[in-house]
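Asker:
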Amino acid sequence: MNGPGLPENMVFSVSQITDLIKEILETSFRSIVIEGEISNWRPSAAGHIYFTLKDNNAQIKAVIFRGAAMKLNFRPKDGDKVRCTGNLSVYAPQGNYQIIVNTMEIAGAGNILQMLEERKRKLAAEGLFDESNKKMLPKYPRTIGVVTSPTGAAIRDILNVTKRRNPGMNVIVLPAIVQGDGAAQTICKMIEIANFYELCDILIVGRGGGSLEDLLPFSEESVVRAVAASKIPTISAVGHEIDWALCDYSADRRAPTPSAAAEMAVPQQADIRTNLETYKETLYTAITQKTGATRLLIKSFNPESLEVRFRNIQQPLLNRFATARDNLLLNINEKIRDLRIRLDTNKTILENASPQTIFDRGYSMVTDENGKIIRSSEQVSEGAKLTITPAEGKIHAVVTK
Numbered sequence: 005m006n007g008p009g010l011p012e013n014m015v016f017s018v019s020q021i022t023d024l025i026k027e028i029l030e031t032s033f034r035s036i037v038i039e040g041e042i043s044n045w046r047p048s049a050a051g052h053i054y055f056t057l058k059d060n061n062a063q064i065k066a067v068i069f070r071g072a073a074m075k076l077n078f079r080p081k082d083g084d085k086v087r088c089t090g091n092l093s094v095y096a097p098q099g100n101y102q103i104i105v106n107t108m109e110i111a112g113a114g115n116i117l118q119m120l121e122e123r124k125r126k127l128a129a130e131g132l133f134d135e136s137n138k139k140m141l142p143k144y145p146r147t148i149g150v151v152t153s154p155t156g157a158a159i160r161d162i163l164n165v166t167k168r169r170n171p172g173m174n175v176i177v178l179p180a181i182v183q184g185d186g187a188a189q190t191i192c193k194m195i196e197i198a199n200f201y202e203l204c205d206i207l208i209v210g211r212g213g214g215s216l217e218d219l220l221p222f223s224e225e226s227v228v229r230a231v232a233a234s235k236i237p238t239i240s241a242v243g244h245e246i247d248w249a250l251c252d253y254s255a256d257r258r259a260p261t262p263s264a265a266a267e268m269a270v271p272q273q274a275d276i277r278t279n280l281e282t283y284k285e286t287l288y289t290a291i292t293q294k295t296g297a298t299r300l301l302i303k304s305f306n307p308e309s310l311e312v313r314f315r316n317i318q319q320p321l322l323n324r325f326a327t328a329r330d331n332l333l334l335n336i337n338e339k340i341r342d343l344r345i346r347l348d349t350n351k352t353i354l355e356n357a358s359p360q361t362i363f364d365r366g367y368s369m370v371t372d373e374n375g376k377i378i379r380s381s382e383q384v385s386e387g388a389k390l391t392i393t394p395a396e397g398k399i400h401a402v403v404t405k
């Protein structure tokens, strides 16, 4: 026998033995996990990625097809140690076997930290962490939103602190997966929902403590960008005090723990009451001072003082009116006198130029039968009939010489 179930001395073609190997490998090695170092990382124009996984003693070809490559949450490169999940496959034309990778993640904390530092530098260069983009937390919020697991320790801590500090505060829990596959997607979705419906005044995004791998969703680029883009002021509260995530840098405030985030977001009810009492006393004092000053002002406005004040205002106006009236009459009289003088002068001029005045001085006017004025003896002849007009009456004459 050449092998289990195979007859002795059986001759296989290359295709037959390859198909047999392909069937055995592909049916026996499904959804396997391989850890190794990336070598010869080669993205293709179609979006697929070809590379080699190796360790000190062996290597295996690998491929990530376009759909799976688009879901990678980091940028792999040669030398990275990764953990790949996929299926073994045989490529018959070349007689090679390879792993078709469905998911890939960084293997080892050191590589994760390196990946996070690279992502941090990239996002910082885009300005996502700039202090100038940070929003102020409202001093007296009415509703606190919390994006976290609804069954985790983080939400219990936040609710306990909120109840202690201000029992009347509204808390909205936006349930999200906080670790593993799909966590980043649900966290982004909850942040988007909170902003779209304006559900709260402050948004806490976080979870309780965990390993570096457990906290990775809060360092995903999509989550960091969603936190930075939130119109609602955000507080990042990921893990315990020594833990950190990239959304700590893009949030408006960073809290070392979920409990600290609640302390930061929820005002102490006793402090609010103290402030209200202080404001009330300040307002009462200001009103009292204002009303006292107003009473003193009103007191001076009795009927007698009002009449005196009115007279003081009225008298200068009356004096100004009387002066204006006298000046107006004076100007009118002067104008009339000037007009009379001009009229008398013009009258004298007209009277002196009147024909009657000339006649009264002994002069007469001579006209012929046609009424034409005779100015010279040459204008008439013997026998002509003339009319002589002295100062009074008329004289009719005939020229004899």
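Heads up: the sequence shown begins at 5 in this note's numbering, then just goes up one per residue.
Every residue gets a Cβ at the ideal spot worked out from N, C-alpha and C, and that includes glycine.
Just checking my contact of Met194 with Val151 at CB under 8 Å: how many whole Å lie between their CB atoms?
Answerer: The pair is a contact, with the Cβ atoms about 4 Å apart (cut-off 8 Å).
Asker: Can you tell me the Cα-Cα spacing of Asp84 and Ala255, whole angstroms?
Answerer: Cα to Cα, the separation comes out at about 29 Å.
Asker: DSSP state of Val403, grouped into three classes?
Answerer: Note: Val403 maps to coil in three-state DSSP.
Asker: Give, in chain order, every unbroken run of the alpha helix (DSSP H) that is at least 4 residues long and sits entirely within the segment 177–249.
Answerer: Counting whole runs of 4 or more residues, the segment 177–249 contains the alpha helix (DSSP H) stretches 187–200, 225–233.
Asker: Distance check for Ser234 and Glu196, CA to CA, integer angstroms please.
Answerer: Whole-angstrom Cα-Cα distance: 8 Å.
Asker: Let me confirm a value: Ile250 is counted as buried when at least 16 other C-beta atoms fall within 10 Å, else exposed. Which label applies?
Answerer: For the record, residue 250 in the displayed sequence is Leu; it is not Ile. Leu250 comes out buried.
Asker: Using a 10 Å radius around the Cβ and a threshold of 16 neighbouring Cβ atoms, would you call Ala415 buried or exposed?
Answerer: Nothing about residue 415 can be reported from this structure: the residues present for the chain run from 5 to 405 only.
Asker: Would you kindly report the start and end of the unbroken beta strand (DSSP E) that includes Val18?
Answerer: Run containing Val18: none in the beta strand (DSSP E); it sits in the alpha helix (DSSP H), 18–32.
Asker: In chain order, what residues of the same chain have a beta carbon less than 7 Å from the beta carbon of Asn182, not counting five sequence neighbours either side?
Answerer: The identity of residue 182 in the sequence shown is Val, whereas the question assumes Asn. Answer for Val182: Thr152, Ser153, Gly156, Arg211, Pro221, listed in chain order.
Asker: Could you tell me the alpha carbon to alpha carbon distance between Leu203 and Gly149, rounded to whole angstroms?
Answerer: So the two alpha carbons sit approximately 7 Å from each other.
Asker: Reducing DSSP to helix, strand and coil, say where Leu92 ends up.
Answerer: The answer is strand: DSSP assigns Leu92 an E or B state.
Asker: Contact check, Gln165 vs Ala266 under 8 Å by CB: the rounded distance?
Answerer: Per the sequence presented here, residue 165 reads as Val, with Gln not at that position. That belief holds up - the Cβ atoms of Val165 and Ala266 are roughly 4 Å apart, short of 8 Å.
Asker: Going by beta carbon distance, what residues of the same chain come within less than 7 Å of Glu373, once the five residues before and after it are set aside?
Answerer: Same-chain partners within the cutoff: Lys389.
Asker: Going by DSSP in three states, Lys167 sits in which element: helix, strand or coil?
Answerer: It is helical.
Asker: When you compare each of Ile68, Ser358, Ile25 to Ala395 by their alpha carbons, which one comes out closest?
Answerer: For the residues Ile68, Ser358, Ile25, the minimum Cα distance to Ala395 belongs to Ser358.
Asker: Please check the pair Met444 and Arg277, which I expect to be a contact at CB under 8 Å, by giving their CB distance rounded to whole angstroms.
Answerer: Residue 444 lies beyond the residue range present for the chain, which begins at 5 and ends at 405; the question has no answer from this structure.
Asker: Return the Cβ separation of Ala180 and Thr190 in integer angstroms, given the expectation that the two are a contact with Cβ distance under 8 Å.
Answerer: Yes, Ala180 and Thr190 are in contact; Cβ-Cβ is about 4 Å, under 8 Å.
Asker: Can you check which of these residues, Asn335, Lys398, Ala188, is closest to Lys75 by C-alpha distance?
Answerer: Here the closest residue by C-alpha is Ala188.
Asker: Check each candidate in Leu141, Thr147, Ala50, Arg87 and name the one with the smallest Cα separation from Thr56.
Answerer: Of the candidates Leu141, Thr147, Ala50, Arg87, the one whose C-alpha sits nearest the C-alpha of Thr56 is Arg87.
Asker: Write down every uninterrupted run of the alpha helix (DSSP H) in the segment 68–152 whose length is 4 residues or greater and which is fully enclosed by it, in chain order.
Answerer: The segment 68–152 contains these whole alpha helix (DSSP H) runs: 70–73, 113–129.
Asker: Where does Asp252 land, buried or exposed, given buried means 16+ other C-beta within 10 angstroms?
Answerer: Counting Cβ neighbours within 10 Å, Asp252 comes out buried, since at least 16 surround it.
Asker: Check the C-beta distance from Ile36 over to Leu92 and give it rounded, since I have them as a contact under 8 Å.
Answerer: Right, the Cβ-Cβ distance comes to about 7 Å (below 8 Å), so this counts as a contact.
Asker: Spatial neighbours of Pro80 within its chain, please: C-beta separation below 7 Å, excluding the five flanking residues on both sides.
Answerer: These residues qualify, in order along the chain: Ile42, Trp45, Val86, Met108.
Asker: Given this structure, state the Cα-to-Cα distance separating Ile336 from Ile317, to the nearest angstrom.
Answerer: Each residue's alpha carbon lies about 29 Å from the other.
Asker: Looking only at its chain, what residues have a beta carbon closer than 6 Å to the beta carbon of Leu334, apart from the 5 residues adjacent to it on each side?
Answerer: Here the set comprises nothing.
Asker: With DSSP as the reference, please indicate the residues paired to Lys369 in a beta bridge.
Answerer: Inspection of the sequence shows that residue 369 is occupied by Met rather than by Lys. DSSP, once it has assigned bridges, lists Thr393 as partnering Met369.
Asker: Which of the three DSSP states, helix, strand or coil, is assigned to Asn174?
Answerer: Reduced to three states, the DSSP call for Asn174 is strand.
Asker: Let me check one thing: in DSSP terms, what residues is Gln63 bridge-paired to?
Answerer: Partner(s): Lys58.
Asker: Which residues mark the beginning and the end of the beta strand (DSSP E) in which Pro47 is found?
Answerer: Per DSSP, Pro47 belongs to the beta strand (DSSP E) from 36–47.
Asker: Answer yes or no: do Val105 and Arg169 have a C-beta to C-beta separation smaller than 7 Å?
Answerer: No.
Asker: Which residues in the same chain as Arg34 place their Cβ atom closer than 7 Å to its Cβ, once the five residues preceding and following it in sequence are excluded?
Answerer: Answer for Arg34: Asn91, listed in chain order.
Asker: Just the Cα atoms here: how many angstroms apart are Ile162 and Arg146?
Answerer: In a straight line, the C-alpha of Ile162 is about 15 Å away from that of Arg146.
Asker: Given this structure, state the Cα-to-Cα distance separating Asp218 from Glu281, to the nearest angstrom.
Answerer: Spanning the two alpha carbons is a distance of roughly 47 Å.
Asker: Just to confirm, is the Cβ distance from Ser223 to Cys192 under 7 Å?
Answerer: Their beta carbons are not under 7 Å apart, which means Ser223 does not touch Cys192 by this criterion.
Asker: Mind checking Asp330: buried by the 16 CB within 10 Å criterion, or exposed?
Answerer: Counting Cβ neighbours within 10 Å, Asp330 comes out exposed, since fewer than 16 surround it.
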